[in-house]
Structures are given as C-alpha cells and as structure tokens.
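Asks: Quick one: the structure is below, questions incoming.
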Amino acid sequence: MAPLSRRGPHRVLRGDLGIVGMRGQVFAPESGRRVPAIAVGHTWMADSRRYRDLLYHFASWGFVTVAPDDNTGFFASDVGLAADLRSALAVVSRVPLGSGAVTVDPDRIGLVGHGFGAAAAVMAAADQPILGQRAPAVAGVAALFPAPTTSMLLPAAGLVTAPGLIVAGAGELDTVEANALPLAQAYAGDVALRTVPKGNARDLLERRTVKSLIGMNGSDRAVHGLVRAVCTGFLLHTVAGDAEYRAFSDADSSLGKLGVIDLDDPPVQPVDPVSHLLGVKPRKRRTRKS
C-alpha cells in the first residue's frame with residue numbers, strides 16, 4: 013500500500029482530447045508500446061481538473077489515463093457519461109500518443125469512476141449497447157464512492173463480468189447519496205467492497221489553490237493516499253495483468269487501514285438513509301451502573 017500511494021516510476025505527458033473532438037484530458041507515460049489504458053469518470057458538477065493529481069498518479073504507474081469532460085452540468089446524464097468513457101477508450105486505443113512513442117493495448121483497458129462517474133463507469137462496462145456503442149472488453153472496473161443515479165444502474169451492474177473494486181466511506185454503504193452496498197450486491201462479476209475510515213466522496217475532489225504550488229491539492233490527504241494505493245494495485249492486477257498485485261482484487265484481503273465488507277453479512281446501518289442525510293447521529297447506548 014505505501015509504495016502505491018506514491019508516484020510511480022514513469023515520467024508523465026499530458027495532452028488535450030480536443031484534438032480528436034472531445035473535451036477532456038489525457039495523461040500517459042512518456043513511452044511504451046501496447047500499454048494498459050483506463051478511462052476515468054468525474055462526479056456530478058465536476059470535471060477532470062478536479063482529479064489532476066489522481067490522473068497523473070495513474071499515468072506514473074504506466075497507464076494511459078483519459079478523462080472526458082462532457083456531462084458536467086446540472087442535468088448531466090449517467091448514460092451520456094458512460095458513452096463518453098467508451099468513446100475515450102476507443103480513441104486512445106487507436107491513436108498513437110505523444111510523439112508516436114506510446115500505443116495502447118486494446119486488450120488491456122479498464123474503467124474508473126467517482127460518485128456519479130462511478131455509476132457511469134459501471135454502465136460503460138455492462139455487456140449492452142449504449143447510444144449505439146458496443147460494450148468494450150474491459151478487464152477491471154473501480155467505483156470510488158459510488159452514488160445512485162437512475163434506475164438503469166443496478167440492472168447494468170448485473171451485466172458486468174469484469175472484476176470490480178468498490179470503495180466507500182465506512183458510514184456510507186447505503187444512504188440517499190451513496191449506494192456502494194446495493195451496487196456490490198447487484199454486481200455480476202467478482203467484486204471487492206472496501207471502506208475508508210472517516211472518509212466520504214467529497215474528500216477525493218481536488219481544489220486548485222496557492223497551496224497546490226507546494227504539493228497540497230486541497231483533498232483529504234489520508235483518503236487520497238488510500239484510494240490511490242488500492243485503486244492502483246487493483247488496476248495493476250486486473251488491467252495490466254501483474255500477478256504481484258493479486259491481493260488487491262481479493263475481496264477478503266486486508267489492505268492497510270481499509271475495511272473489508274462481507275457481502276453475505278454486511279454491517280447494519282445505525283440510522284436510516286433519510287436520517288443519515290439530515291445529519292442524525294446514532295443513539296448512544298447507556299450503560300447502567302451497578
């Protein structure tokens with residue numbers, strides 16, 4: 013976990029998807045033939061600029077990392093973002109990057125999403141057409157702090173056979189704003205559900221301030237480090253095919269401070285979803301004095 017939370021061995025190039033008619037960014041290792049690639053979906057009312065350090069991190073570990081920037085408005089579509097993720101993967105899989113020194117292996121591609129984008133990533137991986145696009149053969153799907161979107165999400169999860177990783181806040185497995193547990197239970201393929209102690213979806217978003225000049229991106233450093241490590245290890249095993257990192261795909265493996273959720277015996281939520289949204293705290297049990 014510790015080495016994977018830090019930058020990888022590759023120098024990173026950054027590009028703009030505008031050259032191929034899409035809004036968004038692409039980060040890539042400086043060189044490499046037939047390298048793995050991932051597409052990253054943003055959360056609601058955000059764009060790829062809020063994930064710059066995370067995208068850079070994945071590229072430093074050898075992944076061509078593409079992040080489309082459409083469907084960023086108030087009425088964003090999860091289906092539309094899913095189609096964008098498929099399109100972005102198709103583009104980088106066919107076009108040499110940089111000065112032509114980087115090419116993508118179309119048999120090693122994956123999807124990552126945060127919040128609203130996690131739902132889009134799962135839908136993009138489902139074995140069904142989306143807006144006329146065929147399903148890509150993805151090798152791994154990482155859903156970070158997933159949020160409920162439309163009624164199409166859970167049926168789509170039942171059509172995903174690629175290995176999955178779902179990361180959620182310890183107290184946000186099934187709330188009005190988070191649906192990590194229902195998503196994991198609906199997921200057709202092998203899936204690991206892990207929790208971050210004292211973490212939530214907002215902790216992953218980056219903010220560009222004066223502090224970013226000295227390496228502080230405005231996100232929660234502890235949460236960002238845990239997510240970077242577990243997601244990178246998972247992608248290295250499933251998408252890049254490196255057996256050294258197989259524990260990151262094992263739903264029962266203990267990884268650092270991350271919790272492990274047993275889908276057959278999940279924890280009972282102390283308050284109902286609506287009360288959780290209103291900020292109601294669990295009632296403390298009183299102990300009788302003898």
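With the sequence shown counted from 1, adding 12 to any position gets you our numbering. Backbone N, C-alpha and C fix where the C-beta goes; we use that ideal spot for every residue, glycine too. Here the structure is a predicted model, which means the values were calculated and not measured.
What's the C-alpha gap between Ser17 and Pro167?
Replies: By one-based count along the sequence shown, residue 17 stands at place 5. By one-based count along the sequence shown, residue 167 stands at place 155. Answer to the nearest angstrom: the Cα atoms are 33 Å apart.
Asks: Taking all protein chains shown into account, do 16 or more other C-beta atoms lie within 10 angstroms of the C-beta of Pro279, making it buried, or fewer, making it exposed?
Replies: Here residue 279 corresponds to residue number 267 of the sequence shown, with the count starting at 1. Flag for Pro279 reads exposed.
Asks: Suppose you measure from the CA of Pro141 to the CA of Glu256; what does that come to, to the nearest Å?
Replies: Translated into positions along the sequence shown, residue 141 becomes position 129. Translated into positions along the sequence shown, residue 256 becomes position 244. Going by the C-alpha atoms only, they are around 34 Å apart.
Asks: With a threshold of 7 Å (Cβ to nearest heavy atom), would Leu216 be considered close to the ligand NAD?
Replies: No copy of the ligand NAD occurs in the structure displayed, which carries no ligand at all.
Asks: Looking at Thr55: is its Cβ nearer than 8 Å to the Cβ of Gly127?
Replies: The count along the sequence shown starts at 1 and reaches residue 55 at position 43. The count along the sequence shown starts at 1 and reaches residue 127 at position 115. Yes, they are a contact pair.
Asks: Looking only at DSSP bridge pairs, what is His126 linked to?
Replies: Numbered from 1 along the sequence shown, position 114 holds the residue referred to as residue 126. Note: His126 sits in a beta bridge opposite Leu156.
Asks: Determine whether the beta carbon atoms of Ala155 and Gly125 lie at a separation below 8 Å.
Replies: Here residue 155 refers to the residue found at position 143 of the sequence shown. Here residue 125 refers to the residue found at position 113 of the sequence shown. Less than 8 Å separates the beta-carbon of Ala155 from that of Gly125.
Asks: Per the contact definition of three or more C-beta pairs closer than 8 Å, is the region 239-258 in contact with the region 52-70?
Replies: yes
Asks: Assign Phe75 to buried or exposed, taking buried as 16 or more other Cβ atoms, counted over all protein chains shown, within 10 Å of its Cβ.
Replies: Reading the sequence shown from its first residue, position 63 is the one you call residue 75. It is buried - the Cβ of Phe75 has at least 16 other Cβ atoms within 10 Å.
Asks: Rounding to the nearest angstrom, what Cα-Cα distance links Ala137 and Val150 in this structure?
Replies: Here the question's residue 137 lines up with position 125 in the sequence shown. Here the question's residue 150 lines up with position 138 in the sequence shown. Between the alpha carbons of Ala137 and Val150 lies a gap of roughly 6 Å.
Asks: What does a CB cutoff of less than 8 Å around Ala200 pick up in its chain, not counting 5 residues either side in sequence?
Replies: Indexing the sequence shown from 1 puts residue 200 at position 188. These residues qualify, in order along the chain: Ala169, Gly170, Leu171, Val172, Thr173.
Asks: Check for me: the alpha helix (DSSP H) holding Ile197 runs from which residue to which?
Replies: Position 185 of the sequence shown, counted from the first residue, corresponds to residue 197. Sequence check: residue 197 is Gln here, not Ile. 192-198 is the extent of the alpha helix (DSSP H) around Gln197.
Asks: Please report the straight-line C-alpha distance between Leu97 and Val107, rounded to a whole angstrom.
Replies: By one-based count along the sequence shown, residue 97 stands at place 85. By one-based count along the sequence shown, residue 107 stands at place 95. If I take the Cα positions, the gap works out to 16 Å.
Asks: Tell me the rounded alpha-carbon separation between Thr299 and Val24.
Replies: Numbered from 1 along the sequence shown, position 287 holds the residue referred to as residue 299. Numbered from 1 along the sequence shown, position 12 holds the residue referred to as residue 24. Interpretation of Thr299 is limited by its pLDDT of 48, a score under 50 that renders its predicted location unreliable; no figure is taken from the coordinates.
Asks: Can you say whether Met57 is buried or exposed, counting buried as having 16 or more other CB atoms within 10 angstroms of its CB?
Replies: The sequence position of residue 57 within the sequence shown is 45, counting from 1. Under this definition Met57 is an exposed residue.
Asks: Taking just the CA atoms, how far does Gly20 sit from Glu42?
Replies: The residue you call residue 42 lines up with position 30 of the sequence shown. The residue you call residue 20 lines up with position 8 of the sequence shown. Going by the C-alpha atoms only, they are around 12 Å apart.
Asks: For Ser163, is the classification buried or exposed, using 16 other Cβ atoms within 10 angstroms of its Cβ as the cut-off for buried?
Replies: Reading the sequence shown from its first residue, position 151 is the one you call residue 163. Result: exposed.
Asks: Run the CB neighbour count on Leu93, radius 10 Å, all protein chains shown included, and call it buried at 16 or more, exposed below.
Replies: As a position in the sequence shown, residue 93 is number 81, starting the count at 1. Buried: at least 16 other Cβ atoms inside 10 Å.
Asks: Tell me, which residues are paired with Pro41 by DSSP?
Replies: Mapped onto the sequence shown, residue 41 falls at position 29. Pro41 pairs with Val24.
Asks: What is the DSSP secondary structure of Leu29, reduced to helix, strand or coil?
Replies: Here residue 29 refers to the residue found at position 17 of the sequence shown. It is helical.
Asks: Do Ala159 and Ala190 have their beta-carbon atoms positioned less than 8 Å apart in this structure?
Replies: Within the sequence shown, numbered from 1, the residue matching residue 190 stands at position 178. Within the sequence shown, numbered from 1, the residue matching residue 159 stands at position 147. Closer than 8 Å, so yes.
Asks: Starting from the N-terminal side, write out each stretch of the alpha helix (DSSP H) that is 4 residues or longer and does not extend beyond the region 72-143.
Replies: 90-106, 128-137
Asks: Kindly give me the distance between the Cβ atoms of Leu270 and Thr187, rounded to whole angstroms, as I take these residues to be in contact under 8 Å.
Replies: As a working mapping, residue 270 is identified with position 258 in the sequence shown. As a working mapping, residue 187 is identified with position 175 in the sequence shown. Not confirmed; about 19 Å, so no contact.
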